[in-house]
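A quick write-up on the structure given underneath.
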Amino acid sequence: GAVVSQHPSRVICKSGTSVKIECRSLDFQATTMFWYRQFPKKSLMLMATSNEGSKATYEQGVEKDKFLINHASLTLSTLTVTSAHPEDSSFYICSARDTPRGAGAYEQYFGPGTRLTVT
Amino acid sequence: GENVEQHPSTLSVQEGDSAVIKCTYSDSASNYFPWYKQELGKRPQLIIDIRSNVGEKKDQRIAVTLNKTAKHFSLHITETQPEDSAVYFCAARLQGAQKLVFGQGTRLTINP
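Dropping the structure here:
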C-alpha cells in the first residue's frame, strides 16, 4: 500500500516558539493531504484539508493563522504551529489521498504522527 | 454535514470469539465507508472499506456490512486474536467530498 511519512515523530518546544511538521507521500502523488489532531483516547479531529498549489481549507474552529499549512508539491505538506502554547500539545497526524481509481475510488493513508509537547 | 456515531466505545471479548462494532451515519449521500485500526501510539491503518454499491465485503477474518436504508454499517471480526486488540475507527465520506468523517472509536480488548 501507499506510504506516508511524517517528521519529526516527537518534538518538544518552548511556549511561544513555532514548530514545523512535515508530511510526505513516499511512493505516490498526493493532490490532497489532511491534517488531524488527536487527543489521548479520542477520535481524529480534522483540522484542515490541503490541496497542492492552493490554500488549505480549515475546519470550523481551527485558527488558520496559528496552524499554517503549506502544500507546495504533490508529495509534501507542512503544518507549522505558530507561537505554540501548552494547550497545543497533542498528537498531530497527516494523511494523504492517493490517485483516484474510477469515480471517487481512492483511499486515504495516514502518516505515523507527531507528538508535540509544548513546555 | 455528515455525522458518524460509533458503538460501543469499549468492547472486551474472549480470544476466539467474534467482535462486532457498529456505526451509523446521518447523510444518505455518503458512499464510502472505511474502517481503520489504530494501535497505541501508532498510525491508523486501513483494514477494510466498503462502497455504497455493495452490501457486504469480507477479507479473511474481517467483514463489513452496509445497510443503506438504515444508514448503518458494521465491522465483524471473527476468531479474534490478541493482536486484534486496538482502537477501531469507522468513517464515512460524502459522494464528491474529500474528507472523511470519523466515528468516536472503539477500544477492543481481546482477553486470552
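So the protein lines, in turn, are chains A and B.
All residue numbers for the first sequence refer to my numbering, where the first residue is 1 and numbers rise by one.
All residue numbers for the second sequence refer to my numbering, where the first residue is 1001 and numbers rise by one.
Ideal placement from N, C-alpha and C gives every residue a C-beta, glycine not left out.
Per the Cβ contact rule, the segment 80 to 88 of chain A is in contact with the segment 3 to 21 of chain A (3 or more Cβ pairs under 8 angstroms). Listed along chain A are E107, each with a C-beta nearer than 8 angstroms to that of D1049/B. Taking all protein chains in view, the Cβ of T114/A is crowded by 16 or more other Cβ atoms within 10 Å, so the residue is classified as buried. For a Cβ distance threshold of 9 angstroms, residue set Q1098 of chain B lies close to R97/A, ordered along the chain.
D1084/B sits in a helix when the DSSP states are folded into three classes. From the listed residues F1102/B, G1055/B and D1084/B, the smallest Cα separation to A1091/B is found for F1102/B. In the three-state DSSP reduction, E1056/B falls in the strand class (E or B). Membership of F1073/B in the beta strand (DSSP E) is indicated by the continuous run H1072 to I1077. The beta-carbon of P112/A is placed less than 8 angstroms from the nearest beta-carbon of chain B. Under the 8 angstroms criterion on CB atoms, G1105/B is classed as interfacial with respect to chain A. Judged by DSSP in its simplified three-state form, E107/A adopts coil rather than helix or strand. Following the DSSP letters along the chain, one finds R1107/B inside the beta strand (DSSP E) bounded by residues T1106 to N1111. In this structure, DSSP gives E87/A a helical state, which the three-state scheme calls helix. For a Cβ distance threshold of 7 angstroms, residue set Q1098 of chain B lies close to T32/A, ordered along the chain.
Setting aside the 5 residues that flank it on each side, Y1032/B is surrounded in the same chain by R1051 and R1093, each with a C-beta closer than 6 angstroms to its C-beta; the list follows chain order. Under DSSP, T1065/B forms a beta bridge with E1056/B and S1074/B. The beta-carbon of I93/A is placed less than 8 angstroms from the nearest beta-carbon of chain B. Looking at the DSSP output, D1027/B shares a beta bridge with no other residue.
The beta carbon of V1087/B sits closer than 6 angstroms to those of Q1038, G1105 and R1107, all from its chain and outside the five residues before and after it, given in chain order. Closest by C-alpha distance to E1083/B, out of P1044/B, D1049/B, N1111/B and F1089/B, is N1111/B. Taking CB atoms only, R1061/B has no neighbour in chain A less than 8 angstroms away. For K1099/B against L46/A, the beta-carbon gap comes to about 6 angstroms, under 8 angstroms, which counts as contact. For L1040/B and P40/A, the gap between their C-alpha atoms comes out near 10 angstroms.
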